[in-house]
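S.K.:
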Amino acid sequence: MSGDTSYYAVVMHTVSSGPGGLIRRRALPQGGFTDEAYTRSGTWKPTDDVVRWRTRGDADLSLVLISEDEAEALRAWFGDRAGRPPLIGGRSLARVWSVVLSGPVPIDALIDRLDLLPHGSPADPGERDPAFRVLRNDESARHWLAVHRAGDDRWVVALEFLGAPPAEQTVRRVRGLVVAAAAELGFAAGDEGFFPAESSAMRPSMPRRPAPRRVLTLSYGGPLDPARLVALQDRLALGERDGQLDDEEETDFGERYLPNDGTFRARLWLARDDVERWTAGVTVEGGLPTAERVDRWRKEIAAAAAEAGLTPAGEWRTPSLPSEAPLPSEASLPGRPEPRPAGPVDRPVHQDYGVVLSGALTRTALDLVRDRLGLSRRGRLDDDWDEEFGVRALRDAPEAPMLLRLYRKSPQEWLIALTHQGEPPASALLEELRREIRAAAAEAGLTVERELGSR
Numbered sequence: 001m002s003g004d005t006s007y008y009a010v011v012m013h014t015v016s017s018g019p020g021g022l023i024r025r026r027a028l029p030q031g032g033f034t035d036e037a038y039t040r041s042g043t044w045k046p047t048d049d050v051v052r053w054r055t056r057g058d059a060d061l062s063l064v065l066i067s068e069d070e071a072e073a074l075r076a077w078f079g080d081r082a083g084r085p086p087l088i089g090g091r092s093l094a095r096v097w098s099v100v101l102s103g104p105v106p107i108d109a110l111i112d113r114l115d116l117l118p119h120g121s122p123a124d125p126g127e128r129d130p131a132f133r134v135l136r137n138d139e140s141a142r143h144w145l146a147v148h149r150a151g152d153d154r155w156v157v158a159l160e161f162l163g164a165p166p167a168e169q170t171v172r173r174v175r176g177l178v179v180a181a182a183a184e185l186g187f188a189a190g191d192e193g194f195f196p197a198e199s200s201a202m203r204p205s206m207p208r209r210p211a212p213r214r215v216l217t218l219s220y221g222g223p224l225d226p227a228r229l230v231a232l233q234d235r236l237a238l239g240e241r242d243g244q245l246d247d248e249e250e251t252d253f254g255e256r257y258l259p260n261d262g263t264f265r266a267r268l269w270l271a272r273d274d275v276e277r278w279t280a281g282v283t284v285e286g287g288l289p290t291a292e293r294v295d296r297w298r299k300e301i302a303a304a305a306a307e308a309g310l311t312p313a314g315e316w317r318t319p320s321l322p323s324e325a326p327l328p329s330e331a332s333l334p335g336r337p338e339p340r341p342a343g344p345v346d347r348p349v350h351q352d353y354g355v356v357l358s359g360a361l362t363r364t365a366l367d368l369v370r371d372r373l374g375l376s377r378r379g380r381l382d383d384d385w386d387e388e389f390g391v392r393a394l395r396d397a398p399e400a401p402m403l404l405r406l407y408r409k410s411p412q413e414w415l416i417a418l419t420h421q422g423e424p425p426a427s428a429l430l431e432e433l434r435r436e437i438r439a440a441a442a443e444a445g446l447t448v449e450r451e452l453g454s455r
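Numbering-wise, the sequence shown is residues 1 to 455 according to the UniProt record's numbering.
(1) Tell me which residue opens and which closes the alpha helix (DSSP H) that Thr364 is part of.
(2) Take Gly422 as the anchor and find which of Ile416, Lys409, Asp352 has the nearest alpha-carbon.
(3) Could you tell me the distance, in whole angstroms, from the CA atom of Pro341 to the CA atom of Asp153?
(4) Report yes or no: do three or more beta-carbon pairs, one from the region 273-280 and one from the region 217-233, lie closer than 8 Å?
(5) Quick one, are the C-beta atoms of residue 459 and Ser62 less than 7 Å apart?
(6) Between Ala428, Leu394, Pro411, which lies nearest to Thr419 when the distance is taken from Cα to Cα?
(7) Residues in its own chain within less than 7 Å of Phe161 by CB, not counting five upstream and five downstream?
(8) What three-state label does DSSP hand Gln351 in the structure shown?
(9) Suppose the cutoff is 8 Å on Cβ atoms and the five residues either side in sequence are ignored; what does the same chain contact list for Leu236 look like?
(10) Can you list, in chain order, the residues of its chain with a C-beta nearer than 6 Å to that of Gln244? Leave out the 5 residues immediately preceding and following it.
(11) Using DSSP with H/G/I as helix, E/B as strand and the rest coil, what is Val134?
(12) Can you list, in chain order, the residues of its chain whose CB lies under 7 Å from that of Val284, leaving out five sequence neighbours each side?
(13) Return the bridge partner residues of Trp316 from the DSSP annotation.
(14) Cutting at 7 Å between CB atoms, please list the residues of its own chain near Val448, excluding the five before and the five after it.
(15) Could you tell me which uninterrupted beta strand (DSSP E) segments, each at least 3 residues in length, are contained entirely in the region 81-111, listed from first to last along the chain?
(16) Please report the Cβ distance between Ser121 and Ala27, rounded to the nearest whole angstrom; I am assuming they are in contact, meaning their Cβ atoms lie under 8 Å.
(17) Specify the secondary structure class of Ala71 as computed by DSSP and reduced to three states.
(18) Please go through the same chain and pick out, in chain order, the residues whose beta-carbon is closer than 7 Å to the beta-carbon of Leu117, but skip the five residues on each side of it.
(19) Pull the bridge partners of Phe187 from the DSSP assignment, please.
(20) Give me the residue from Arg136, Val147, Glu139, Arg378 with the minimum Cα distance to Ala123.
(21) Using only the alpha-carbon positions, how far apart do Pro86 and Leu74 sit?
(22) Within 10 Å of its beta-carbon, does Asp129 have 16 or more other beta-carbons around it, so buried, or fewer, so exposed?
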């Protein structure tokens, strides 16, 4: 890899013709990394997809390690999408075997011993995916051995795949090579895992929560002007409306969390695929919603799209959803507790106001902004995985919170956002916050790029 730059192919299980995107990660002269997505116009634009995938999971994409040559081939394929793509799409990344290695052995020694391809800056503590080796890459599968950093002097070596899983003899052979190399180099082998080949949603270095799954996707054709877009967002009660219609590379145009029964967490979102192509869908974490509930979500989205003048262009939903079971009689539930009152998980989150700021922040300037706005101190500037850098509860009611948050969208871009559930903020409060944010930004040397109006 040239210049400490690494590449990821963005593979979506709902797009079968090949990868849906390309991301590069560049080391910065001052330290840290910046992530950029390749755009339709042939330029690179800052993205948070790597951070989102690593920290929160994303049902819509998998990030697959690729070489610089493969990245160039993928850029060429994006030009006309003719012929066979450099790697397959339409699958989620899965893992069939892994082992944890620990010990003060230079990572370069493991890379050389296993004949791996360096990915980015292997010796940099901030490099999470320092090496890989492709074992198979054809129209039905991609298999590769990857190394993921799990901490200081701690690594996860994993056999991962897209499409058809590796054969049992391949798994045994790869395991034998890795275990032998680890023993030879002085690594201590720890936890080892074998995963069912049909497990298709496991993501590396993400044991903290189940991978989200998309359960419903509705595609629509037709243009939207600003007024009709806002009407559609209002009809669907979407928050997080950072997307700008006049930015041709912008794809995300709002989301909200849906009421649930405690067994799953569902997110409704709106995205732009092209100038006159829109997609709305629902992803879930945890269990699966019932088919009847998905039907209700579908009707809500379809009604909102029809009001906005959009034309249906396609529909997809996950098969084998459970059906709603008949409710038991009251007599069969002695001592049944009263239904709990609606809490935050049952109410949509609205973003009432936001400010996008540009400029780099030193630790001193960051603390100045947080102190000026009364924000708590979260995140580390030298950790490029950290996104949230402060929060302040303007209304600390568990059933209807109102929060002011500071986010880092890229090394040179920041977002301060006001969100609420329940009763919206008063106009006087919004105006007061607007003045405070502008004053804090000026003191810290940040430039106000744009304001995101009341939702």
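From the three backbone atoms N, C-alpha and C, an ideal C-beta is built for every residue, glycine too.
M.R.: Judging by the given coordinates:
(1) Along the sequence shown, one-based indexing puts residue 364 at 364. Unbroken alpha helix (DSSP H) run through Thr364: 363-373.
(2) Within the sequence shown, numbered from 1, the residue matching residue 422 stands at position 422. Nearest C-alpha to Gly422: Asp352.
(3) Locating residue 341 in the sequence shown gives position 341, where the first residue counts as 1. Locating residue 153 in the sequence shown gives position 153, where the first residue counts as 1. Because the pLDDT of Pro341 is 41, which lies under 50, any placement of that residue in the model is unreliable, and the question is left without a value.
(4) yes
(5) Lying outside 1 to 455, the shown extent of the chain, residue 459 is not represented and no answer is given.
(6) Taking the sequence shown and counting its residues from 1, one reaches residue 419 at position 419. Cα-wise, what sits closest to Thr419 is Leu394.
(7) As a working note, residue 161 is residue 161 in the sequence shown. Excluding residues within five positions, the ones whose Cβ falls inside 7 Å are Ala94, Val96, Ala141, Arg142, His143.
(8) Against the sequence shown, residue 351 aligns to sequence position 351. Of the three classes helix, strand and coil, the one that applies to Gln351 here is strand, per DSSP.
(9) Working through the sequence shown from its first residue, we reach residue 236 at position 236. So the qualifying residues of the chain are Gly254, Arg256, Leu268, Leu270, Ala280, Glu300, Ile301, Ala304.
(10) The count along the sequence shown starts at 1 and reaches residue 244 at position 244. Answer for Gln244: Glu250, listed in chain order.
(11) The sequence position of residue 134 within the sequence shown is 134, counting from 1. Here Val134 sits in strand by DSSP.
(12) Along the sequence shown, one-based indexing puts residue 284 at 284. Here the set comprises Pro212, Arg213, Val215, Phe264, Arg265, Ala266.
(13) What you label residue 316 is simply residue 316 of the sequence shown in a count that begins at 1. Thr217, per the DSSP bridge assignment.
(14) Position 448 of the sequence shown, counted from the start, is the residue given in the question as residue 448. These residues qualify, in order along the chain: Val355, Leu357, Arg438, Ala441.
(15) 94-102
(16) Here residue 121 is taken as the residue at index 121 of the sequence shown, counted from 1. Here residue 27 is taken as the residue at index 27 of the sequence shown, counted from 1. With a Cβ gap of about 6 Å, Ser121 and Ala27 count as contacting.
(17) Taking the sequence shown and counting its residues from 1, the one referred to as residue 71 is at position 71. Helix at Ala71.
(18) The count along the sequence shown starts at 1 and reaches residue 117 at position 117. Cβ within range, chain order: Ser67, Ala131, Phe132, Arg133.
(19) Along the sequence shown, read from residue 1 onward, the residue named residue 187 stands at position 187. BP columns for Phe187 are empty, so no partner.
(20) For the purposes of this step, residue 123 is taken as residue 123 along the sequence shown, with counting starting at 1. Checked all of Arg136, Val147, Glu139, Arg378; the closest Cα to Ala123 is Val147.
(21) Taking the sequence shown and counting its residues from 1, the one referred to as residue 86 is at position 86. Taking the sequence shown and counting its residues from 1, the one referred to as residue 74 is at position 74. Whole-angstrom Cα-Cα distance: 6 Å.
(22) Here residue 129 is taken as the residue at index 129 of the sequence shown, counted from 1. Buried.
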